[in-house]
Amino acid sequence: MFDLNSLNPQQRKAVTHKKGSLLLLAGAGSGKTRVITCRIAHLLHQGVAARQILAVTFTNKAAREMAERVNEMVGKNSAKGMLIATFHSLCLRILKAHIDRLGFKKNFSIYASSDQQRLIRDLLREIGAESSSKAADQLLWRISNAKNHLISADKYQASDRDPLSALVTTIYPRYQQALKAFNAVDFDDLLMLAVQLLEQYPDILDHYCDRFQYQMVDEYQDTNPVQYRLLKLLASSHGNLCVVGDDDQSIYAFRGADVANILDFENDFPDTSVIKLEQNYRSTGNILAAANAVIKNNKQRREKALWTDSGTGAKIEYRLCEDGEDEARQVMEQIHIEKYKGKLKYGDFAILYRTNSQSRAFEEQLRYENIPYVLIGGQQFFDRKEIKDVIAYLKVIQNPADEVNLLRILNYPKRGIGTGSIDHIIRYSAEEKRSLWNILQQVDLVPKMQDRTAIACADFVTLIKRYQKRFKQPLRLLETLQELIAELKLADEIYRQEKDHQVARRRVENQEELFNSMAIYLERTPQPDLAGFLERLSIFDDSAAGKNDKESKLSSDSVTLMSLHSSKGLEFPVIFLAGMEEGFLPHKNSLADAAAIDEERRLCYVGITRAQQQLFLLGARQRRKYGKLDQREPSRFLSEIPAELLLQASSEQPAATTEEEKDASASNFFANMNQMFGD
Ligand code: ATP
Ligand code: MG
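Structure (structure tokens):
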């Protein structure tokens, strides 16, 4: 049940705020997200129609949780029709309804990073430039950045300060043309094209302004220019926009987010009411004190006085571990201890880290100990070749104009269409200015084609068309996916190519894991179709993992593993913040730049403030890197936490065996430790 009395006076003011713009600025755990959910419930109670309510949050997980909270407060029926979305899913919705106005077809594909990579490398090859994956990444980064700042291909200008930018002026327009020809968009296009639609077509803009009379945005500090433009457009006719955020948690500068957007808001919506919240309801006193002590080292910030009345609580524990494996073992041990004490379940623990690659040691240990877990945000699963192969089939079945994926599967598994023939078909399609799919359907008209190859192409076309029909039956989506994988004999192909039997078996099992994905999709979706499943795989699923989590994905009681970036907005009774070392947090790429260090400090602040009752900070003395041992130093942020808040423990230091191991960095490291803890 929803009760206004459960809110403090400032929160209540925000929740009951009537029309006009509202900016809620407040520190971590002060109830910003709760204000949004309560505001939605309040609006519904006041008789506002659910379909007039729009809330935008940062991750799909956050959106799901928000919807659940509202449902609990007002009942599922009253909330039916409201839209709680991420920026990407909101824009996807707009595009699905109107993208034909921009010259795309409605069955357009969404290109994941691997598709983008392939396309950019092809384009680089075409103009005779270096086409390594590193070169492609650098270009994609620039293009993405341009799109985040609403700079379209025709407006992009080279800059003297950026040697790569000249190449971007050549590739960016070609990249956009190719995407359009393939009826495909990338992630950043979802936003940029939605903004284009709203800017170019007043009827579409009116429709959405009118539909979403009440708009709310969580984690506002992390919106980038294209997201901000979208918000401004959507609220342009009525200004009923309520944004909540915390400048201390701005952690997406690398994607173009700029805390200055808070100032922009007050300028663009001059009558904005500003409300501040100061009581933290999430964490115990020690945790909050540590968070405050760390963040106060950032110079440019709005001073806040966050307080809590929930008692000091347990001290924060710092564990100096031997290496990465030891760090993972210590976390497991602690989970067992806390579980043994009773009260806590697996779902109460989260392990946070700076970079996704840090998850490996924890995953291994969790599997070894048979502890169920979910990995949030890691794309590793969908990046596996065997998974991408199946997804490529599905994408082509959905949208045969998608040439990046068409070329990926035309001769996979091998069906006798050699590279020579493929090149020949590509050349012919370019000469004729017809799409590959178009040519393949009439391959007998292509001059100088061998009969055998022509037959193989025709069989391929028949196969795709057959599955286009089959996938149209929503009740048989899972069976059809199973039939497709069986008919393609992908498992045989994997065993043929992969000599290591164990590895091959795992890869086949990974493909079967897609069946689980489909089963979960079917369970959650009232009107399933292939397009929806592909969307889920590409943008809606921020949880993806390896095989052990078959059960854990379905049961809610599992340990959560995620990066600090993904942890925004969430809370857990017990947090393990791993890799508290220079090079991880702060990240090695940030060490030379004061502004980047400040952003790392905000990340650290986000991590600390996820904890409700207990916070464990862990770091290793050394880590293996490319097979060699790398000596590590504790994170500078540790020394910013007052000693009286910390309990420290350290694993046995082994006797150094060689002179090398006693090198300068090791002694440095102990000097540093002594300085920090004064022993
Ligand atoms: P973050 O900055 O991390 O996103 P937030 O400001 O959005 O945090 P919430 O997640 O909304 O904070 O709230 C933090 C916790 O405090 C939640 O468990 C919430 O239910 C609780 N909380 C918020 N306000 C109150 C209140 N007035 N009374 C009791 N509990 C509250
Ligand atoms: Mg929040």
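Counting from 11, one number per residue, gives the positions in the sequence shown under our numbering. Ideal Cβ placement from N, Cα and C applies to all residues, glycine included. These numbers come from a predicted model, not from an experiment.
Check this for me: beta carbons of residue i and residue j, under 8 Å apart or not?
| i | j | result |
| --- | --- | --- |
| F114 | V414 | no |
| G30 | G249 | yes |
| M76 | T26 | no |
| I272 | Q231 | yes |
| S88 | A60 | yes |
| L133 | M202 | no |
| L244 | Y218 | yes |
| I381 | L102 | no |
| R239 | V269 | no |
| E572 | L628 | Inspection of the sequence shows that residue 572 is occupied by Met rather than by Glu. Contact flag unset, no. |
| L655 | K325 | yes |
| Q20 | L287 | yes |
| L251 | Q225 | yes |
| D199 | Q126 | no |
| A36 | V66 | no |
| E396 | I504 | yes |
| D412 | S124 | no |
| S283 | L32 | yes |
| F372 | A338 | yes |
| A263 | E609 | yes |
| S141 | R131 | yes |
Taking the straight line between their C-alpha atoms, what separation do you get for residue i and residue j?
| i | j | result |
| --- | --- | --- |
| F12 | K314 | 29 Å |
| A402 | I120 | 11 Å |
| A466 | G428 | 10 Å |
| P410 | E533 | 28 Å |
| K349 | S568 | 12 Å |
| E82 | C48 | 11 Å |
| G542 | S576 | 23 Å |
| T294 | D336 | 28 Å |
| W317 | L298 | 8 Å |
| D552 | A621 | Because D552 carries a pLDDT of 47, less than 50, the predicted location of this residue cannot be relied on, and the following value inherits that uncertainty. Computed Cα separation, rounded: 21 Å. |
| K116 | K405 | 13 Å |
| E489 | N302 | 54 Å |
| G426 | R418 | 14 Å |
| R221 | S16 | 30 Å |
| S369 | T570 | 11 Å |
| L601 | N18 | 41 Å |
| I214 | Q521 | 41 Å |
| N690 | R546 | Outside the modelled stretch of the chain, which goes from 11 to 689, sits residue 690, for which no answer is possible. |
| F644 | S154 | A quick correction: the sequence has Pro, not Phe, at residue 644. Spanning the two alpha carbons is a distance of roughly 34 Å. |
| T707 | Q492 | The structure shown does not extend to residue 707, since the chain spans only 11 to 689, so no value can be given for it. |
| M92 | T233 | 22 Å |
| R506 | P423 | 11 Å |
| G39 | V227 | 16 Å |
| A604 | S527 | 43 Å |
Under the assumption that residue i contacts residue j (Cβ atoms under 8 Å), give the Cβ distance between them as a whole number of angstroms.
| i | j | result |
| --- | --- | --- |
| G255 | E229 | 6 Å |
| L544 | V400 | At roughly 11 Å, the Cβ-Cβ gap does not stay under 8 Å, so L544 and V400 are not in contact. |
| A156 | Y182 | 7 Å |
| I407 | F481 | 6 Å |
| Q259 | R646 | Wrong, their Cβ atoms sit about 19 Å apart, outside the cutoff. |
| Y185 | L129 | 7 Å |
| Q62 | Q223 | 4 Å |
| L174 | Q148 | 6 Å |
| E581 | R292 | 5 Å |
| A73 | V45 | Rounded, the Cβ-Cβ distance is 16 Å, inconsistent with contact. |
Using DSSP's beta-bridge definition, name the partner residues of residue i.
| i | result |
| --- | --- |
| I225 | It is worth fixing the name first, because residue 225 is Gln in this sequence and not Ile. In the DSSP output, where bridge partners are listed per residue, Q225 has L64 and L251. |
| G593 | H597 |
| E10 | Any question about residue 10 goes unanswered here, given that the chain covers just 11 to 689. |
| R633 | D640 |
| S283 | L32 |
| I120 | V195 |
| S573 | Y363 |
| V384 | T570 |
| A95 | V66 |
| Q582 | Residue identity check: residue 582 is Phe in the sequence provided, not Gln. According to DSSP, which records beta bridges pairwise, F582 is partnered with A621. |
| Q289 | W317 |
Tell me whether residue i, by its Cβ, gets closer than 7 Å to a heavy atom of the ligand HEM.
| i | result |
| --- | --- |
| T43 | With respect to the ligand HEM, the structure offers nothing, as its ligand set consists of the ligand ATP and the ligand MG. |
Requested in this report: Check whether the stretch 327 to 345 touches the stretch 577 to 595, taking contact to mean three or more Cβ pairs, one atom from each stretch, closer than 8 Å.
Outcome: yes
Query raised in the report: Taking three-plus beta-carbon pairs below 8 Å as touching, is the stretch 47 to 66 in contact with the stretch 315 to 333?
Result: no
Query raised in the report: Would you call the stretch 511 to 526 and the stretch 437 to 448 touching, i.e. three or more CB-CB distances under 8 Å?
Result: no
Requested in this report: Kindly confirm or deny that the stretch 302 to 314 and the stretch 626 to 637 touch, where touching means at least three C-beta pairs closer than 8 Å.
Outcome: no
Query raised in the report: Do the stretch 483 to 491 and the stretch 445 to 463 meet, that is, are 3 or more Cβ pairs less than 8 Å apart?
Result: no
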